[in-house]
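J.:
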Amino acid sequence: MSVDKIFVLGVNHKTAPVEIRERLAFSSDPGTPFREIRVIPGCEEFCFLSTCNRVEVIFVSSLGEETERRIRNFLFAGRMSYEEAGRYVYLHRGEAALSHLFRVGAGLDSMIVGEPQILGQLKQAYRNATDQQCTGLILNRLLHKAFSVAKRIRTETGIGSSAVSISYAAVELAKKIFGSLSHKKVLLVGAGEMAELAAQHLANQGIDEVIVANRTFERAVKMARCFNGKAVAFEEMVEQLAVVDIMISSTGAPGLILLKDQVKPIMRQRRNRPLFLIDIAVPRDLDPGLNDLENIYLYGIDDLQNVVEINRAERDKEAVRAERIVTEETLKFMLWLGSIEVSPTIVALRQKADAVRAAELARTFSQLPHLSDKERKALDMLTSSIVNKLLHNPIIFLKKEGKDETAEDKRARIDVFHRLFGLDSNGNGPDQED
Amino acid sequence: MSYLLFQVTLFVYILATATYAVYFISQRKEVRTIGRWLLVGAGVLHTVYLVARYLEAGHTPLTNHHETVSFFAWSMTWGFLSFHWRYNVRNFGSFVSPLITVLMVIATFSSRTIQPLPPALQSAWLPLHASIAIMANGFLALAFCGGLMYLLQERELKKKRFGMFYSRLPSLDALDSLNQHCLAVGFPLLTLGIITGSIWAKQAWGTYWQWDPKETWSLITWFLYAALLHQRFTVGWRGRRAAVMAVLGFAAAMFTLWGVTYLLGGVHAYVG
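Sequence order for the protein chains is A and B.
Once you know that position 288 of the first sequence is 288 in the working numbering, the rest is easy, because the numbers rise by one and skip nothing.
For the working numbering, add 434 to where a residue sits in the second sequence, where the first one is 1.
#1: Going by beta carbon distance, what residues of the same chain come within less than 8 Å of R666 of chain B, once the five residues before and after it are set aside?
#2: Taking the DSSP output, what are the residues bridged to K317 of chain A?
#3: Please report the residue range of the beta strand (DSSP E) in which Y521 of chain B lies.
#4: Closer than 7 Å, CB to CB, is D303 of chain A near chain B or not?
#5: Per DSSP, which one or two residues make a beta bridge with S61 of chain A?
#6: Do you know offhand how far V320 of chain A's Cα is from G158 of chain A's?
#7: For D292 of chain A, does the count of other Cβ atoms within 10 angstroms reach 16, so buried, or fall short, so exposed?
#8: Determine the chain A residues that contact K592 of chain B at a beta-carbon separation under 8 Å, and present them in chain order.
#9: Along chain A, which residues have their Cβ under 7 Å away from the Cβ of V681 of chain B?
#10: Taking the beta strand (DSSP E) that S111 of chain A belongs to, which residues open and close that run?
#11: Does N53 of chain A get closer than 7 Å to chain B when you measure Cβ to Cβ?
#12: Below 8 Å, how does it come out for the segment 42 to 58 of chain A and the segment 134 to 150 of chain A: are there three or more Cβ pairs, yes or no?
#13: With a threshold of 7 Å on Cβ separation, who are the neighbours of Y696 of chain B within its own chain once the five nearest residues in sequence on each side are excluded?
#14: How about F578 of chain B and V681 of chain B: do their beta carbons lie closer than 7 Å?
#15: On the premise that A191 of chain A lies in contact with C225 of chain A, defined as a C-beta separation below 8 Å, what is that separation, rounded to the nearest angstrom?
#16: R284 of chain A CB to nearest chain B CB: under 7 Å?
#17: Pull out every residue of the segment 176 to 188 of chain A whose Cβ sits closer than 7 Å to any Cβ of chain B, in chain order.
#18: Going along chain A in order, which residues have a C-beta closer than 8 Å to the C-beta of Y600 of chain B?
#19: What residues in the segment 649 to 672 of chain B bring their beta carbon closer than 8 Å to a beta carbon of chain A?
#20: Using a Cβ cut-off of 7 Å (strictly closer), state whether I448 of chain B contacts chain A.
#21: Tell me the DSSP secondary structure of K594 of chain B in three-state form.
#22: Could you check how far apart the C-beta atoms of H480 of chain B and T535 of chain B are, in whole angstroms? I think they sit under 8 Å.
#23: Given a cut-off of 7 Å on the beta-carbon distance, is the pair C47 of chain A and A106 of chain A in contact?
#24: From which residue to which residue does the beta strand (DSSP E) around S249 of chain A run?
#25: So, under 8 Å CB-CB, F102 of chain A and V39 of chain A are touching, yes? Tell me the CB distance rounded to an integer number of Å.
#26: DSSP three-state call for E209 of chain A: helix, strand or coil?
#27: Kindly give me the distance between the Cβ atoms of A242 of chain A and I257 of chain A, rounded to whole angstroms, as I take these residues to be in contact under 8 Å.
#28: Step through the CB atoms of chain B and report whether any lies within less than 7 Å of the CB of A163 of chain A.
#29: Should A564 of chain B and L496 of chain B be called a contact, given that it needs their Cβ atoms to be closer than 7 Å?
#30: For the beta strand (DSSP E) containing F7 of chain A, list its first residue and its last residue.
#31: Please check if any C-beta of chain A sits within less than 7 Å of the C-beta of S528 of chain B.
#32: Taking the C-alpha atoms as reference points, what is the distance between I118 of chain A and V104 of chain A?
#33: If we ignore side chains and look at the alpha-carbon of each, how far apart do L562 of chain B and A575 of chain B end up?
#34: Find out if the Cβ-Cβ distance for the pair G620 of chain B, F573 of chain B is shorter than 7 Å.
#35: Using a Cβ cut-off of 7 Å (strictly closer), state whether E172 of chain A contacts chain B.
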């Protein structure tokens, strides 16, 4: 089996804006991709992954480009030309597809590096694909491998515990203030990648509820859906402060949207429960004076940046280790693919040897009709052990991997093997030789 | 004999404190485990010492300064250890153990001579009143340590300058509930200490309350803590304010213990 038959086609938060991504999500009928992709010619196996931040089709095809073209056209379903869609999609093939999938599963390709949610989503995608009988030998093995790679990375590196950037800093601070984040609520005001990221990361830490407020209510509803949260009108923001514990603000407002005097009475209503305010808007959304109020902790983007610097070195080290595991596991998977490539040859060789042996035995037995059952059995065993011993070394030779053998070398080797033993598919039986 | 035991106990306390200090700097778990077991060892030795002292004196060893302060340290140790088994507060030991050691050092420098019990103290109320009152101090001291930790952590979070405490101290929430737990034990003990003292006063001197300076100051202390707890339950005083109050309350308690004796005198004077 050639690794070049494995493809990953998709869009993610890095290659496509949310407007494009959400159109590919098939949220109205999740069954569509299965029905549509299944009938695409050349597509032997596939798995369809769709999350807030990415849509990917992992597929095995012997036709390659043709299948890819059809899948891409299906994904963008006439909304965009093939070439136009090319601006947003990425296509990985062979080895690159393997390591991409492993990276995705481990959260290395996520917005928040090391976040665990993607693994669950990938597992669900795989489950859906197996329910629809869309996967086979290759993808079953590949997806399971992706799960175990993710697990390995999580246990062997600290990538999960010290995920990245500003949003990580926000979570770390929140933990220093609140201890556990379960039963806490977060209010997300405005939109923006960074705010979304921070909210996402908080959600991953088991936060109770995400409430979204936006000047455009529709936008708030959309975003709330992403976090399984609820949307409120922008005017309700101050009111919500009485119930939430963390507020992340990143509106494009030119001035302050929340003043010290607005929050002061709310603290009494909150019975002085601490309030963690995160302002990642430029220019600022929240009154800097808020930090002077008791039990309120206001952090701006620069403050968070300082926290980030504290553990940058540590994180970089973990990321390098995670990438090394991905490379290692990719190579291992390539080896496995290589081994299933030679196995048809081994089967053919064994079949041929057995056929020769059976034919020769039958001839011998017909010439020696007086043989007892015991003697027949002994002859049978004798011939089979001769055959096995003779085949042993050739099979080892076939299975063995050269140190830096390319796929090309291997194919050549298998070809020699076929000719040497006359295993070509047109040679139908042992008796037809010469 | 018992003096040697006391010195060994003090030595183990010092070792435990040093180990906790090393743990605070290095944050290595093995070190903390060693520190904890050293403290348990010191606590056990200390208990043995108290029993020996009781046998030696023939009455509850809570009648002079040495005995009082040493029992105070003992209450803190076991109070701390009992909390430790219920929930883990990071680096609490690094704050508690130095205070215990300081108390023990103070006890070392006080007179250890056993004096015959004055008639006024010969009562079943002595062990009850004195031990409850001092144990209350032990828990209030733990609340003080928690409050101090809260203030340090809060300062770094507010100022956004992350020094050595930010990563080492637990969350504000954990420290705040630690504070509450210590007070939940310490305050009832304090109340009980005052009540038993008052009943004993009625028996010994014929009046429940005579506005002796120690009585007055323990009442002031009681009111401080009562105010704190009241505010916490009604308007939700918590965090910084509660921590400051825990520190102030402890200062008042310490003044009741020492300041009153050395500055103001009164009927409790002989207790040291």
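Glycine residues also receive a C-beta, built at the ideal position from the N, C-alpha and C atoms.
T.: The short version:
#1: Against the second sequence, residue 666 of chain B aligns to sequence position 232. Cβ contact annotation for R666 of chain B (same chain, cutoff 8 Å, sequence separation greater than five): Q614, R672, A676, in chain order.
#2: Taking the first sequence and counting its residues from 1, the one referred to as residue 317 of chain A is at position 317. Its beta-bridge partners do not exist; DSSP assigns none.
#3: In the second sequence, the residue the question calls residue 521 of chain B occupies position 87. Counted as a single uninterrupted DSSP element, the stretch harbouring Y521 of chain B is not any beta strand (DSSP E), since DSSP gives it neither H nor E.
#4: Taking the first sequence and counting its residues from 1, one reaches residue 303 of chain A at position 303. It does; some Cβ of chain B falls within 7 Å.
#5: The residue given as residue 61 of chain A occupies position 61 in the first sequence. Paired residue(s): A:C43.
#6: Sequence index remark: in the first sequence, residue 320 of chain A carries index 320 (1-based). Sequence index remark: in the first sequence, residue 158 of chain A carries index 158 (1-based). Approximately 11 Å, taken between the alpha carbons.
#7: Residue mapping note: residue 292 of chain A aligns to position 292 of the first sequence, counting from 1. Classification for D292 of chain A: exposed.
#8: On the second sequence, position 158 is the one that residue 592 of chain B refers to. Chain A residues near K592 of chain B: N291, Y297.
#9: Taking the second sequence and counting its residues from 1, the one referred to as residue 681 of chain B is at position 247. The contacting residues do not exist; V681 of chain B stays about 16 Å from chain A at best.
#10: Counting from one through the first sequence, the residue named residue 111 of chain A turns up at place 111. Before going further, note that residue 111 of chain A is Met rather than Ser in the sequence given. Unbroken run through M111 of chain A: none, as it is neither H nor E.
#11: Translated into the one-based positions of the first sequence, residue 53 of chain A becomes position 53. Chain B, which has no Cβ nearer than 7 Å to the Cβ of N53 of chain A, makes this no.
#12: yes
#13: As a working note, residue 696 of chain B is residue 262 in the second sequence. Once the five neighbours on either side are set aside, Y696 of chain B has no close Cβ partner at all.
#14: Locating residue 578 of chain B in the second sequence gives position 144, counting from the first residue. Locating residue 681 of chain B in the second sequence gives position 247, counting from the first residue. Contact: yes.
#15: Within the first sequence, residue 225 of chain A is the residue found at index 225, counting from 1. Within the first sequence, residue 191 of chain A is the residue found at index 191, counting from 1. Reading off the sequence, residue 225 of chain A comes out as Arg, not Cys. Not confirmed; about 13 Å, so no contact.
#16: Along the first sequence, one-based indexing puts residue 284 of chain A at 284. So, not an interface residue.
#17: K176, I177, F178, G179
#18: By 1-based counting over the second sequence, the position of residue 600 of chain B is 166. The contacting residues are K176.
#19: V669, G670, W671, R672
#20: Looking up residue 448 of chain B in the second sequence gives position 14. False, the Cβ-Cβ gap to chain A never drops below 7 Å.
#21: Walking along the second sequence from the start, residue 594 of chain B turns up at place 160. Note: K594 of chain B maps to coil in three-state DSSP.
#22: As a first step, residue 480 of chain B must be located in the second sequence, where it is residue number 46. As a first step, residue 535 of chain B must be located in the second sequence, where it is residue number 101. Not a contact, Cβ separation roughly 12 Å.
#23: Position 47 of the first sequence holds residue 47 of chain A. Position 106 of the first sequence holds residue 106 of chain A. No, the Cβ-Cβ distance between C47 of chain A and A106 of chain A is not below 7 Å.
#24: Counting from one through the first sequence, the residue named residue 249 of chain A turns up at place 249. Counting along the chain, the beta strand (DSSP E) containing S249 of chain A begins and ends at 246 to 249.
#25: As a position in the first sequence, residue 102 of chain A is number 102, starting the count at 1. As a position in the first sequence, residue 39 of chain A is number 39, starting the count at 1. F102 of chain A to V39 of chain A, Cβ: 29 Å. No contact.
#26: For the purposes of this step, residue 209 of chain A is taken as the residue at position 209 of the first sequence. In the structure shown, E209 of chain A sits in a strand (DSSP, three-state: E or B).
#27: Sequence index remark: in the first sequence, residue 242 of chain A carries index 242 (1-based). Sequence index remark: in the first sequence, residue 257 of chain A carries index 257 (1-based). No, A242 of chain A and I257 of chain A are not in contact; Cβ-Cβ is about 17 Å, not under 8 Å.
#28: Walking along the first sequence from the start, residue 163 of chain A turns up at place 163. Because A163 of chain A carries a pLDDT of 43, less than 50, the predicted location of this residue cannot be relied on, and the following value inherits that uncertainty. So no, A163 of chain A is outside the interface.
#29: As a working note, residue 564 of chain B is residue 130 in the second sequence. As a working note, residue 496 of chain B is residue 62 in the second sequence. Yes, the pair counts as a contact, with Cβ atoms nearer than the cut-off.
#30: Locating residue 7 of chain A in the first sequence gives position 7, where the first residue counts as 1. Element bounds for F7 of chain A: 6 to 12.
#31: Along the second sequence, one-based indexing puts residue 528 of chain B at 94. No, S528 of chain B does not count as interfacial toward chain A.
#32: Within the first sequence, the letter at position 118 stands for residue 118 of chain A. Within the first sequence, the letter at position 104 stands for residue 104 of chain A. The alpha-carbon atoms of I118 of chain A and V104 of chain A are separated by roughly 7 Å.
#33: The sequence position of residue 562 of chain B within the second sequence is 128, counting from 1. The sequence position of residue 575 of chain B within the second sequence is 141, counting from 1. Approximately 20 Å between the Cα atoms of the pair.
#34: Here residue 620 of chain B corresponds to residue number 186 of the second sequence, with the count starting at 1. Here residue 573 of chain B corresponds to residue number 139 of the second sequence, with the count starting at 1. In this structure, G620 of chain B sits near F573 of chain B, with a CB-CB distance shorter than 7 Å.
#35: Taking the first residue of the first sequence as position 1, residue 172 of chain A is located at position 172. No - not a single Cβ of chain B is within 7 Å of the one on E172 of chain A.
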